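Just so we're aligned: the sequence shown equals residues -25 to -1, 1 to 177 in mature numbering (1 follows the signal peptide of the UniProt record, and there is no 0). Read the structure below first, then the notes.
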Amino acid sequence: MPAYPSVLSLVALQAALLFTPVAAAAQQTDRGAGQGENRATRPAVRTQSGQQIPAGALGIAQIDAPRVATLLQLRGMTGHGTVTLRGAILGDATLRGEGEEDCLSLPVRFVAGDFGGENISVQAAEPIRLIIRTQRVARTLAEGGDVVSDMYRIATLPDDPDADIVIESGLGASHGFVLNPGSSVAADIFGASVRHVTCTEQ
């Protein structure tokens, strides 16, 4: 049973995500703070690596190769990916040429969980893509802060006007998740490495 320890570790992390009292308290005070935010319409842009931020959005989180572990009813997911943000959110965007704008790219760790498990297993999962819609989420990530889904309004439909984050693929409405900027212990101490990249209007 070599896979069981990793299953237990991942599900334990998932359980902590779902039942953390701090997240539950934050849900009462923070959810809705981004509602009604004036979102100026922006054109879709694409980085040279192919990451595309949809029109009107402030950024995306892309987890290309997550792993999912199940332990009976519990199901947990984990992975590493990239967050791409419009540089203007921090007010210090580097000037680019016509049809171009400054974007920020940073590594991110991801964990999610729900009660959708049916057996004991570990396997690859579909890529996850999240659309970042509000300044509150974008600035938190750009400044190295964790984004916990219980603290924001999460939607699965792109036409939700009050959504902070829209799940485009890879997750369901039942999942709770955390985005943690960085890719190593050093990032936890010194902060995640943020790169400036050029985005081209689509």
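We put the CB at the ideal spot given by N, CA and C, even for glycine. Quick caveat, the model's predicted, so the values are computed rather than measured.
Put simply, of Q98, L79, G51 and T115 the residue whose alpha carbon is nearest the alpha carbon of R61 is L79. Cβ-Cβ separation between V86 and V153: approximately 5 Å, consistent with a contact (criterion under 8 Å). Contact between G145 and E101 holds, with the beta-carbon distance rounding to 5 Å and staying under 8 Å. In this chain, the beta strand (DSSP E) harbouring Q98 covers I95 to A99. A buried status is given to N155, since no fewer than 16 other beta-carbon atoms sit within 10 Å of its beta-carbon. P133 and V141 have their C-alpha atoms some 6 Å from each other.
Looking at the DSSP output, V43 sits in a beta bridge with M52 and Q98. Taking a C-beta distance under 8 Å as the contact criterion, L49 and F90 qualify as a contact pair.
An exposed status is given to A30, since fewer than 16 other beta-carbon atoms sit within 10 Å of its beta-carbon.
In the three-state DSSP reduction, Q37 falls in the strand class (E or B).
Contact between V20 and Q177 holds: their C-beta atoms lie close to 6 Å from each other, under 8 Å.
Between the C-alpha atoms of D39 and G120 there is a straight-line separation of about 21 Å.
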